[in-house]
Each structure stands twice: as structure tokens, then as C-alpha cells.
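Engineer: Right, I'll just put the structure down here and ask away after.
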Amino acid sequence: MNSKTYLLALALSAVLPLSAQQTPIYQDATKHIEERVEDALSRMTLQEKVAMVHAQSKFSSAGVPRLGIPEVWMTDGPHGIRSEVLWDEWDQAGWTNDSCVAFPALTCLAATWNEEISSLYGKSIGEEALYRGKDVLLGPGVNIYRTPLNGRNFEYMGEDPFLAARMVVPYIHGVQDKGVAACVKHFALNNHEVNRHTTNVIVDDRTLYEIYLPAFKAAVQEGKAWAVMGAYNLYQNQHACHNQRLLNDILKGEWGFDGVVVSDWGGVHNTDQAITNGMDMEFGSWTNGLSNGASNAYDNYYLAMPYLQRIREGKVGTTELDDKVRRILRLCFRTNMSPTRPLGSLCSPEHYEAARRIGEEGIVLLQNRDNLLPIDLDRAKKILVVGENAIKMMTVGGGSSSLKVQREVSPLEGIRNRVAGRAEVVYARGYVGDAGGEYNGVVTGQNLKDNRTPEELIAEAVREAADADYVIFIGGLNKSAGQDCEDTDRKGLGLSYGQDELISALAEANKNLIVVNISGNAVAMPWMDRVPAIVQGWYLGSEAGNSLAAILMGDVNPSGKLPFTFPARLEDVPAHSLGEYTGVRSDTVIDIRYNEGIFVGYRWTDKQKKIRPLFPFGHGLSYTTFAYDKPTLDNRTLTADTDALTLRVKVRNTGTRAGQEVVQLYISDKKSSLPRPIKELKGFRKISLAPGEEQEVVFLINREALSFFDDAKHEWVAEPGRFDAIIAASATDIKGTISFELK
Ligand code: GLC
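When we follow our numbering, the leftmost residue of the sequence shown carries the number 2, and every step to the right adds one.
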């Protein structure tokens, strides 16, 4: 600026009113966020405030154009950034720049038991959301795995609240470091999909606080989640999306949540409750959220005109409205108005690398008799791959987590790429499951039609198996209704489409049979004694075939561990043996009592002498072996003034190749005033060991690790007495136990 201009500016500043020259506080990034919130709020009209607390389109809510406050844009889902839909429809907008990378499903992430991998996941998906101009990612989901039939378990992190809590926090940090809000869902008690809009969950406080809340609490208090999504179901006869107990008493009261509560789409059913019970942003489809109605009827939403009407008529004040708007403005200053928001990136090599790595670390080697795996390519001349899931795209379907990917490497392609030139790979369909390939207008482009009979398909597979060096069966579930799919549950534990008969026939035809189960849920395995190698393959996303081939061919040593129990029979699951699962229909709701209480998953099987799971929680084999020394404690007594005991355990790689092991710490309360599980996961550490290498793993055991929730006192208590610290490689593979006393 030259001197003349400078003098002119100086003169002008002397005459202009102060306000005209100063940046408004809400626009001044040097001001504290709460100052900016108050300033912005003070400038908004009543209509502008009401416009902000409900959707204006399928995935956006209004900003304040007059003040330059941006709209808030949401996007599904937990595994990747959903392609653009029309303003007011679920159908595709037909963009050509909105393909994404599909990362593995969150069950696979949980199965890595690796918090660094979770951080990588959050960072990667956060960058994709940011590049696609999204402010809120509608994920991760952390509903607890109560029944293996739940159609959405693939989107969640398993049966144990401690594992889910540890694994969700880095994902949220990763996403939010990118200036994109994570929206943890579905809060709370959305543990199956059948009748999800009318299920009224009845559960005691001890179970609520010990099993179903911890992952959400960690997400809010440690993850600092900026958004939480209310669930569709009811709790205590009040919809979770406007539930006084869940949203005001617990989430915003006890936990101090300062972010926004977003409804599930159509989860709001009552204006007065939505005003007073903690609902901040109402999203949905059409007028009252769910039922068909006039399109673009966003003004009819419960928190739209009906709310404005009540205020104008003096029936309600604006205190709740201002609180909602403060939270939304805070969301904006953390995301689309943040001055430090970085750049995003989409479909980058780094994101494909991340997807592949997450898959490789999450795949679980369930069984490996005679060390059939890894495949010996020096020996293999012909490899037969059988099964629809070897070729079927799994990123399309399954409900709101469905994606339009830039690419998806199928298991067959991945295996073919990996063994090119080393062995012949022959494919046989084996069975026909779901030949479809479309969801909400996203089409796979695959033509999976096959009119042959099951007998012809099995005959072909058996014939090809006769002279194969290895047979890899790739089956399991898929993303169609009644399999692993939102808004539906499976009818049973067994595989569909005649897969069990096919697997048995293949086991007869060739002893070198490997079964890969692609699923987000446990399945029955009546053939498991006749199949030497079994792999839990998960929904692995864009790099599926590459991750799977790396494990099968031994490029990567499997290190995944099950985040949920594989029951032998449905009756072994307490949600089904004690119930209730389908529940009892009353007038408008279906009451479901969680009679099993805190005894979910291994907490149940540990107590049952006659029940043995197919594969236990925390189970996963390796291509090497590990030896554990006995655990030691620096002290045998934890007193009021010692804050923690230090447990040490040495683990050695006693095999011939490098590998990773997940050392698990369970705590067992030997005597308690209330019933407790035999043991509960309270620590884990994933370590990498070269052949022969030994590492000492250290766990700190504090009072919190010994506590249970006393719902009479409404607080966590650690009762004096004897405890066992159990070091294990799974819920049933105990390596060492050491006792101590809490004084
Ligand atoms: C769906 C799902 C929720 C999703 C939302 C938007 O019904 O329950 O997880 O984020 O609607 O698609």
C-alpha cells in the first residue's frame, strides 16, 4: 500500500463508525469459539434459528445466508463417503465425481484390536469426507453385538464394551482432526433391525451402564465426538431421538456432551418431546420423518413450522431453541467455519493402502489344521476358487452404508493378481445367492445371473476340485435383505443358498480345502471338522481381494482376533435362550426385555458349563507361534492411595516368521455383592515380534478396571477383596493368572 493510499485509509477509519470497519466477532477466528457462538446467535432471527434445527434436504440443514453461516452437510457412512443423492430423494443425483474408497466394515476394524489402525481409518475416511465437502460423517456405529442375527452388526464393533470403547476413540479423533464431525450412532440400544422403529427396549440400569453405554461414553468423553445420532427404537417408552433419560440426563447431563444430537432419518415423532428432550437436528424423509408424504415438505417437520407455531403462540419459549442453535453453531465453528480446517483428499493411493492394511490386520485365521495355510506357491499348480462371494461386489447394498466405489478388487481378482504366473486359478460358481446388484440407484454392473441348477453347480465345483492342489471356498453372507442388511435381521445362524452342502461336497473331493467366510456376523459351521482351514474374511471394501490374497498366500501373517463370539447354535446365545429378541407386541410398541442383563457374549458362555462356542471372543491364529511367561505384579495389594498395580508379562515369538499377537488382560472379581461375569476384558496390546524376539507387555490395573456399576447407588464401585488378573490370547485361551487384593 503506498503512502497516499495509507493516509486515505487512515482518514477514512477516523470517520467510519466502529462497527463498519471491525470484523463481527462470529467471523473473527481469533475469538474464542463460545464468544463467536454467542455473537452469531444474537444476530439470528427466530425463523433463522428454527430453520437450522431441521433438515432442508435429504442430507443438509439450513445455514444463515444473510450472515454467511454455511449449511451443514451430512453424509453416510461408517465405511466410506456415500454418493450424492437428489435433494429430496434417496435416489442418485447422477454425479460423476463422487466415487469413493470403501474401507473395511467396522467389525473388521474392531478385529484388528489395533488403535493405530483405527486412527488411520478415521484420518483416511475423514479426508474423503472433507474433499467431498461434508461436515458430518454419519458414523461410526458402536451398538453392542447382542444377537448374531442383527442385520447391522457389520457396521459395529462387536460384543465387548471395552474393545468397542478403545477402538472407537482413535477413529473419531482421526475424522475430527480433519474438521469433519463424527456422528456416533445409534444412541442407544439399537441392537437388532426387526421392528427397529417400534421396539421398546426394557433393560436394567446395571446392564445399560456396563454393556450398552460405555462405547458411546468413550466416544463422547475421550473421542470428544461433535455429534451423536439418536436411534430409532424406544427406551422406557420414549423414542431414543427425544428421550429425556438418554439425551438430557445421561448424554448431556452426566457426560457433559456439548455437540449436536442428530435424529436418525425419521426418528422424531413428537414436537414437544423433541423440543424439551435433547433433540437438536431433525433429519428424515418427507413430512413426519418416515411415512410417504408431500416431497420437499421440510417445513412440516416436527421441529419446523409446528415448533415455530408453538413459540409464536407463547406455548414454549426459546430457551431450548437457543441451546439447540448454540450446539449447531459450535458444530459449524468446529467444521465448515473452522479457520484451521485442512485439505481433504479422495481416492488417493494412501487411502487404498489404508483400506488394504486395515483388511489385512482384521482378517481372522479361525482354524488352520496341519498348517494348510499359507498356500505354498512352490507346490501349487492349480488353485480352484469356488463361491459367489469370490466375485460378488459387497460395497453395494446393506442399507445406508452402501457405497459407489471407484473400484473394488474381488477375492477372485486379488487371488489371480497375486498368483499370476505361479499357478493356474480356476473358478467355479458353486452356488447362486443374490444375483442382484443395485442399491438406491447405485449399480454394480455385474451380471451374476446363472440358470444352472444347484446340482449342476456343485457337480462342476466337485469336478474341478478333484485335481486341484488347493480349493478355496469363498462364501458366507452378503448385503441383501435377510443377510447383513439394514432394516432386516437374519432368520437363523446358518448359511443360505445351499452353501453347507457344497462345502461338505468339496471337503469330500479335496482335503486341502480352505473356507473363507465373508460376513459381518457369526455363522453356523456344521462342516468345520471336515475343513482344515477357516478364515473370517469380513466385508473388506475396495481392496478386498488384495487383503485376502496377502493373507492366504502368506505375504502377511494374520493377526486379527474375533470381536464377538461364534456360537455353535442360536440357543447358545442368551438373547435367544433367555430372550427377548422378537419381543411382545403391545398397542403401538413391541417390548423387548434384555433378560440376559450384563451376560452378553463371552460373559455368558464363561458361565455355562455345557456351552462351548465354535470360536471364542478374542480368538485368532497366526502363521507363527507365541509363548507367554507367567504374569507378574509389582504389588499384590491395591490400596486407596496406590493408583494402580503394574502387571508385566513376557511374550516370545517361538515360530519361524514375524507376527503380531494381541495380548489380552481380563479381570475376575472373586467375590462381589452383585453377580458379575467370571471375567471381563480390561486391557489389550497388539505387539509385533520377529522370530525369537521377546517383548515385555505392561498393563496398569487401576480401580476403574475392578469396578462394576451399582445401579442402586447409581455409581461405579470397586469392592475390596480378591481379584484375578488373567492374561490370555482369547476368552478361552488363558496363558496365566495372578491374584491380588483390593484393600
Ligand atoms: C438410516 C440409518 C442411519 C443412516 C441414516 C441416513 O436409516 O439408520 O444409520 O445414517 O438413515 O441414511
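Ideal Cβ positions, reconstructed from N, Cα and C, are used throughout, including at glycine.
Within 10 angstroms of the Cβ of V262, are there 16 or more other Cβ atoms? Answer buried if so, exposed if not.
Structural biologist: Stepping through the sequence shown from its first residue, residue 262 is reached at position 261. Buried, because 16 or more other Cβ atoms sit within 10 Å of the Cβ of V262.
Engineer: Please report the Cβ distance between D635 and T647, rounded to the nearest whole angstrom; I am assuming they are in contact, meaning their Cβ atoms lie under 8 Å.
Structural biologist: The residue you call residue 635 lines up with position 634 of the sequence shown. The residue you call residue 647 lines up with position 646 of the sequence shown. Indeed, because the Cβ distance is near 4 Å, the residues count as touching under 8 Å.
Engineer: When burial is assigned at 16 or more other CB atoms within 10 Å of the CB, is K179 buried or exposed?
Structural biologist: Against the sequence shown, residue 179 aligns to sequence position 178. K179 is buried by the Cβ-count criterion.
Engineer: Can we count D470 as close to the ligand FMN, meaning its CB is less than 7 Å from some heavy atom?
Structural biologist: Of the ligands one can find in the structure shown, namely the ligand GLC, none is the ligand FMN.
Engineer: Please state whether the Cβ-Cβ distance between G134 and W74 is less than 8 Å.
Structural biologist: For this step, residue 134 is matched to residue 133 along the sequence shown. For this step, residue 74 is matched to residue 73 along the sequence shown. Yes, the Cβ-Cβ distance between G134 and W74 is below 8 Å.
Engineer: What residue range is occupied by the uninterrupted beta strand (DSSP E) comprising E794?
Structural biologist: An answer regarding residue 794 cannot be provided, because it is not within the stretch 2 to 744 covered by the chain.
Engineer: The ligand GLC and K316: does any heavy atom of the ligand fall closer than 7 Å to the residue's C-beta?
Structural biologist: Along the sequence shown, one-based indexing puts residue 316 at 315. Every heavy atom of the ligand GLC is 7 Å or more from the Cβ of K316, so no.
Engineer: Nearest to V65 by CA position, among H174, I552, L330 and F284, is which residue?
Structural biologist: Here residue 65 is taken as the residue at index 64 of the sequence shown, counted from 1. With respect to the C-alpha of V65, the residue from H174, I552, L330 and F284 having the closest C-alpha is L330.
Engineer: With H, G and I counted as helix, E and B as strand and the rest as coil, what does DSSP make of M526?
Structural biologist: Working through the sequence shown from its first residue, we reach residue 526 at position 525. In the three-state reduction of the DSSP assignment, M526 falls in the coil class.
Engineer: Suppose contacts are defined by Cβ-Cβ distances below 8 Å. Is R594 in contact with P678 by that definition?
Structural biologist: Counting from one through the sequence shown, the residue named residue 594 turns up at place 593. Counting from one through the sequence shown, the residue named residue 678 turns up at place 677. Cβ distance not < 8 Å, so R594 and P678 don't count as in contact.
Engineer: Is DSSP giving M395 helix, strand or coil here?
Structural biologist: Position 394 of the sequence shown, counted from the first residue, corresponds to residue 395. Reduced to three states, the DSSP call for M395 is coil.
Engineer: Considering only DSSP beta bridges, list what D592 is partnered with.
Structural biologist: In the sequence shown, residue 592 corresponds to position 591, counting from 1. Its beta-bridge partners are N201 and V585.
Engineer: Return yes when at least one heavy atom of the ligand GLC lies under 7 Å from the C-beta of L139, else no.
Structural biologist: Position 138 of the sequence shown, counted from the first residue, corresponds to residue 139. Yes, Cβ of L139 sits closer than 7 Å to a heavy atom of the ligand GLC.
Engineer: Could you check the C-alpha separation between L19 and D29 for me, to the nearest Å?
Structural biologist: As a working note, residue 19 is residue 18 in the sequence shown. As a working note, residue 29 is residue 28 in the sequence shown. Any reading at L19 must be qualified, since the residue scores a pLDDT of 47, below 50, and its modelled position is unreliable; no value is offered.
Engineer: Taking 8 Å as the cut-off, decide whether the C-beta atoms of S808 and H80 are in contact.
Structural biologist: No statement about residue 808 is possible, as the shown extent of the chain runs from 2 to 744 and does not include it.
Engineer: Just checking, does the stretch 452-465 make contact with the stretch 404-424 on the three C-beta pairs under 8 Å criterion?
Structural biologist: no
Engineer: Starting from V663, trace the alpha helix (DSSP H) in both directions and tell me its first and last residue.
Structural biologist: On the sequence shown, residue 663 is found 662 positions in, with the first residue counted as 1. From DSSP, V663 is part of no alpha helix (DSSP H) but of the beta strand (DSSP E) over G660 to D670.
Engineer: So what does DSSP say about A220, is it helix, strand or coil?
Structural biologist: The residue labelled residue 220 in the question sits at position 219 within the sequence shown. DSSP places A220 within a helical segment (H, G or I) once states are collapsed to three.
Engineer: If we call anything under 8 Å between Cβ atoms a contact, is L622 one with L366?
Structural biologist: To locate residue 622, count along the sequence shown from 1; it is residue 621. To locate residue 366, count along the sequence shown from 1; it is residue 365. Closer than 8 Å, so yes.
Engineer: In chain order, what residues of the same chain have a beta carbon less than 6 Å from the beta carbon of V51, not counting five sequence neighbours either side?
Structural biologist: In the sequence shown, the residue the question calls residue 51 occupies position 50. These residues qualify, in order along the chain: Y308 and L309.
Engineer: Compare the Cα-Cα distances from A298 to each of R313, V317, G267 and N278 and report the closest residue.
Structural biologist: Looking up residue 298 in the sequence shown gives position 297. Measuring from the Cα of A298, the nearest candidate turns out to be G267.
Engineer: Tell me where the alpha helix (DSSP H) around F163 begins and ends.
Structural biologist: Position 162 of the sequence shown, counted from the start, is the residue given in the question as residue 163. Counting along the chain, the alpha helix (DSSP H) containing F163 begins and ends at P162 to Q177.
Engineer: Pull up the CB-CB distance for E414 and G561, whole angstroms please, since I reckon it's below 8 Å.
Structural biologist: Residue numbering aside, residue 414 sits at position 413 when the sequence shown is read from its first letter. Residue numbering aside, residue 561 sits at position 560 when the sequence shown is read from its first letter. The pair is not a contact, with the Cβ atoms about 22 Å apart (cut-off 8 Å).
Engineer: Where does I1 sit, in a helix, a strand or coil, going by DSSP?
Structural biologist: Because residue 1 is not part of the residues shown, which for the chain are 2 to 744, the question remains open.
Engineer: For I1 and L666, what's the separation of their Cα atoms in angstroms?
Structural biologist: One cannot answer for residue 1 here, as it falls past the ends of the chain, which runs 2 to 744.
Engineer: What residue range is occupied by the uninterrupted alpha helix (DSSP H) comprising K325?
Structural biologist: Counting from one through the sequence shown, the residue named residue 325 turns up at place 324. Start and end: T320 to R335.
Engineer: Confirm, please, whether the CB-CB distance from Y540 to M394 is below 8 Å.
Structural biologist: As a position in the sequence shown, residue 394 is number 393, starting the count at 1. As a position in the sequence shown, residue 540 is number 539, starting the count at 1. It is not a contact, given that the beta carbons lie outside the stated cut-off.
Engineer: Apart from the five residues just before and just after M306, which ones in its own chain have a Cβ nearer than 6 Å to its Cβ?
Structural biologist: Locating residue 306 in the sequence shown gives position 305, counting from the first residue. Cβ within range, chain order: D300.
Engineer: Relative to the ligand GLC, is the shortest distance from any of its heavy atoms to the C-beta of D711 smaller than 7 Å?
Structural biologist: Taking the sequence shown and counting its residues from 1, one reaches residue 711 at position 710. D711: no, Cβ never under 7 Å from the ligand GLC.
Engineer: Exposed or buried, which one is A576 when buried takes at least 16 other CB atoms within 10 Å?
Structural biologist: Start at 1 with the first residue of the sequence shown, and residue 576 comes out as number 575. Classification for A576: buried.
Engineer: Taking DSSP as the reference, what is the three-state secondary structure of G542?
Structural biologist: Within the sequence shown, numbered from 1, the residue matching residue 542 stands at position 541. Residue state, collapsed to three classes: helix.
Engineer: Looking at the secondary structure, which residues open and close the beta strand (DSSP E) in which T76 lies?
Structural biologist: By 1-based counting over the sequence shown, the position of residue 76 is 75. Segment V73 to T76, the beta strand (DSSP E) holding T76.
Engineer: Quick check on L514: buried or exposed, where buried means 16 or more other Cβ atoms within 10 Å of its Cβ?
Structural biologist: Within the sequence shown, numbered from 1, the residue matching residue 514 stands at position 513. Burial call: buried.
Engineer: Give a single yes or no on whether E681 has its beta carbon closer than 7 Å to a heavy atom of the ligand GLC.
Structural biologist: Residue mapping note: residue 681 aligns to position 680 of the sequence shown, counting from 1. Answer for E681: no, Cβ out of range of the ligand GLC.
Engineer: Identify the residues that DSSP records as bridge partners of R246: which are they?
Structural biologist: Against the sequence shown, residue 246 aligns to sequence position 245. Among the bridge pairs identified by DSSP, R246 is matched with none.
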